[in-house]
Amino acid sequence: MGKSLAYKIIENNLLRGEVVPGQEVAVRVNQTLTQDSTGTMVYLQLLAMDPKEIKTDLSVAYIDHNMLQAGFENADDHEFIKSVAARYGIVYSKPGGGICHQVQLERFAKPGAILIGSDSHTPTCGGLGSLAIGAGGLDVAVGMAKGLYFLTVPKVCKVNLIGKPAPFLNGKDIILKVLQARSVKGGIGFILEYGGEALKYLSVTDRATICNMGAELGATTSIFPSDENTLVYLTKQNRAQDYTPMSADEDAMYDETLTIDLSRVYPMVAKPHSPDNVVEVSEVVGIKVDQVAIGSCTNSSYSDMMKVASILKGKQVHPDVSLVISPGSANILRLLSENGALTTMINAGARILESGCGPCIGMGQAPKSGAVSLRSFNRNFKGRSGTADAQVYLASPETCAYSAITGVISDPSKLTEDLSVIEPITYGTIESYFVYPDPLKLHCDAIMGPNIHPFPLAKKVEGPLTKTVLLKVPNNITTDDIVPSHARLLPYRSNIPYLAKHCFTTVTESFHDDAKRMDGGFIVAGENYGQGSSREHAALVPLYLGVRAVIAKNFARIHRANLINTGILPLSFKNPLDYDAIDQDDVLVLDDVARSIQEDRAIQIKNTTKNTVFEVSFNGSDREKEVLLGGGYLNYVMALDLGDKHD
Ligand code: MIC
Ligand code: SF4
5 MGKSLAYKII ENNLLRGEVV PGQEVAVRVN QTLTQDSTGT MVYLQLLAMD
55 PKEIKTDLSV AYIDHNMLQA GFENADDHEF IKSVAARYGI VYSKPGGGIC
105 HQVQLERFAK PGAILIGSDS HTPTCGGLGS LAIGAGGLDV AVGMAKGLYF
155 LTVPKVCKVN LIGKPAPFLN GKDIILKVLQ ARSVKGGIGF ILEYGGEALK
205 YLSVTDRATI CNMGAELGAT TSIFPSDENT LVYLTKQNRA QDYTPMSADE
255 DAMYDETLTI DLSRVYPMVA KPHSPDNVVE VSEVVGIKVD QVAIGSCTNS
305 SYSDMMKVAS ILKGKQVHPD VSLVISPGSA NILRLLSENG ALTTMINAGA
355 RILESGCGPC IGMGQAPKSG AVSLRSFNRN FKGRSGTADA QVYLASPETC
405 AYSAITGVIS DPSKLTEDLS VIEPITYGTI ESYFVYPDPL KLHCDAIMGP
455 NIHPFPLAKK VEGPLTKTVL LKVPNNITTD DIVPSHARLL PYRSNIPYLA
505 KHCFTTVTES FHDDAKRMDG GFIVAGENYG QGSSREHAAL VPLYLGVRAV
555 IAKNFARIHR ANLINTGILP LSFKNPLDYD AIDQDDVLVL DDVARSIQED
605 RAIQIKNTTK NTVFEVSFNG SDREKEVLLG GGYLNYVMAL DLGDKHD
């Protein structure tokens, strides 16, 4: 029986286990990437393991998130990451070089390779056929130190693309259409594998946009086969030698199929405050916009920027709109400056930002109070822009650029300009933002400025546990809710006590004080708890505040792994209706918890406030049980015997 592309890549890199959905396997990690806001933790953990050398073919440490240097903190983080990169032979991408996913796509990603990144949008490189997976920081540190990654084998959904897309259509419209069909929970437990007769119409960068926002569906990753379009892209990046044609077998079996007719997809927009709150742009045309932001790892490619320039050519940004543009990499910025597109943007009145995440993670450009901000980004969670009451809409760069001129949300299918982009024969490269490993610096010391603090250590799961429900939250709580991120907080990603003061502040102001007063406790949650970012701070901060278990209807994949890695129990209701019968401040007793986990039994929970009993389960692999019972992943991994399959 034929195999999907995703399963072929897993099998090619299999170290342990069987490729059966729901089973945990260990795979060889070919490449890793980190970015700076998760990177400080990753590299503190790598230092704790202190391997002689890294085991990947290539690891890259990007600086792209914490670019504002309002104080010494971010610069300290950059220096720390740079020094650890030198110590272990990791490529360092300096601030200004570009957004990790865009640069990885341009310079390093390879068809068929397994890439693990400490950022939830790592799947972007699925656009050229890598199996690229977002993971918690410790998983990425282990990927570098031990060359392996543990993965619960997902099911595979084939997304069958048919029909010819209209010229105004962007990969963004296609993935928003998928989000509309499947919701932010719709990809959980799946890899989305794209195929079908319409593949030929999609460039690698459109494919990358689609894979990028697969993260918003909760999918483990998304992947496209590598074909002629991939070869064209790699050739233009001067690395045709990295091309390998890879695809699913003709008779591949899939667990599900979703067909999308691209000839019937129109410009789409996600309304506040969730990426799946999607409608056609035509339904919201005319809403006044205050800010337009174009860029991010979703839509900052050369062709996206060129389409924006075509729309802005000879026009002026509306007087009531602030337009900010951040090209995805220094190389794209260079190309735009050489071919005059940058001049076009400046003439139109755009504010040009350096190549980085910028406003996407609230690193500057917070909109005014109550503003409507239209963004070509991937997340519009409440408050993420840095302005609590801003209304953030997500759309394609074409929709954004057109709306920036008109001052209201506008439908790019009405544009008369020719938006086709003539790509250069070669994109060329810039080496100046990379610091490559230097044999003389291997084993050098890490430079730890005062902003670098140690991380809290996981606790062993022991019972019985008697604690209070500190907080009860609804479905789809994001890691942005658990540990908010914006210009005022991002500089403290290596200062867990500081971040703890802001834990859950989008939900309640009192979580930190309640947790301290009650010496920790439990969190009760609905579905898809911990969706969004990969930040393991959303587990480390609750760990620091004494949270011992999260009892939820179900969990987002990366966050669940982060909870286990830090020794916090992710427990699922046996009967989801029991969620309704618990309130904040109830006291719960978890009996015999360690033994129940060991023996795969349901865990009995007594609600002593309500005088009721209900059951939860852990549902984890043997390894995950060992990690929890042994005091976290770092302990586990330090004692790991790699066996003879791993060289
Ligand atoms: C995001 O887009 O939410 C981030 C910021 O890139 C995060 C990583 C982080 O929190 O540092 C992500 O997507 O994983
Ligand atoms: Fe950066 Fe935004 Fe992409 Fe996250 S989603 S990596 S913050 S550009």
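Residue numbers (the numbering used here): 5 to 651. Where a beta carbon is used, it is the ideal one built from N, C-alpha and C, also for glycine. Given the structure is predicted, the values throughout are model-derived calculations rather than measurements.
- For T472, the enclosing beta strand (DSSP E) has its first and last residue at L469 to K476.
- Classified as buried, M148 has 16 or more neighbouring CB atoms from the shown chains inside 10 Å of its CB.
- With contacts defined as CB atoms closer than 8 angstroms, T128 and I137 fail to qualify as a contacting pair.
- In the DSSP assignment, T36 forms a beta bridge with S63 and I120.
- Between the beta-carbon of A606 and that of S621 there is about 5 angstroms, and that keeps the pair under the 8 angstroms contact cut.
- Here A462 carries a coil assignment [DSSP, helix/strand/coil].
- Within 10 angstroms of the beta-carbon of R91 lie 16 or more other beta-carbons, which makes it buried.
- The ligand MIC never approaches I429 closely enough for any of its heavy atoms to be under 7 angstroms from the residue's Cβ.
- Residue state for G199 is assigned as strand, using DSSP reduced to three classes.
- Boundaries of the beta strand (DSSP E) harbouring C161: K159 to I166, taken from the DSSP string.
- Exposure of R492 is indicated by the presence of fewer than 16 other C-beta atoms within 10 angstroms of its C-beta.
- Around the beta carbon of I94, a 10 Å sphere encloses 16 or more other beta carbons of the protein chains shown; the residue is thus reported as buried.
- Between the ligand SF4 and I486, a heavy atom-to-CB distance of less than 7 angstroms is absent.
- With 16 or more other CB atoms across the displayed protein chains lying within 10 angstroms of its CB, K86 is buried.
- Put simply, the segment 269-285 does not touch the segment 293-311. Fewer than three CB pairs are less than 8 angstroms apart.
- A direct Cα-to-Cα measurement between E427 and D210 gives close to 14 angstroms.
- By the 16-neighbour rule on beta-carbons within 10 angstroms, I298 is buried.
- Within the DSSP secondary-structure output, M272 pairs in a beta bridge with E284.
- For D523, same chain residues with a beta-carbon under 6 angstroms away, outside a window of 5 residues either side, are G550 in chain order.
- Per DSSP, the continuous beta strand (DSSP E) segment holding P574 begins and ends at L573 to F577.
- In this structure G200 is not in contact with N233, their Cβ atoms being roughly 14 angstroms apart against a cut-off of 8 angstroms.
- Not a single heavy atom of the ligand MIC lies less than 7 angstroms from the C-beta of R552.
- Distance check between I409 and each of S187, F438, D123 and N351 places N351 closest, using alpha-carbon atoms only.
- In this structure the segment 432-451 touches the segment 329-347; the number of beta carbon pairs closer than 8 angstroms is three or more.
- Any heavy atom of the ligand MIC counts here; residues with a Cβ closer than 5 angstroms to one of them, in chain order, are S41, T42, D123, S124, I365, S537, S538 and R539.
- Its chain contains Q295 as the residues whose beta carbon lies nearer than 6 angstroms to that of S326, once the 5 sequence neighbours on both sides are disregarded; these appear in chain order.
- Straight through space, the alpha carbons of G130 and G453 are spaced by roughly 36 angstroms.
- With distances taken between CA atoms, Y247 lies nearest to K114 out of C364, L632 and K114.
- Remark: the C-beta of C161 is outside contact range of the ligand SF4, defined as less than 7 angstroms to any heavy atom.
- For E628, the secondary structure class from DSSP, reduced to helix, strand or coil, is helix.
- For the ligand SF4, a non-hydrogen atom lies closer than 7 angstroms to the CB of I103.
- Distance from the Cα of N623 is smallest, within the candidate group I601, G175, V188 and G290, for I601.
- Linking F112 to I120 through their CA atoms gives a straight-line distance of about 13 angstroms.
- Its chain contains P574, G624, E628, V631, L632 and Y637 as the residues whose beta carbon lies nearer than 8 angstroms to that of I568, once the 5 sequence neighbours on both sides are disregarded; these appear in chain order.
- With fewer than three CB-CB distances shorter than 8 angstroms, the segment 251-265 does not count as touching the segment 210-219.
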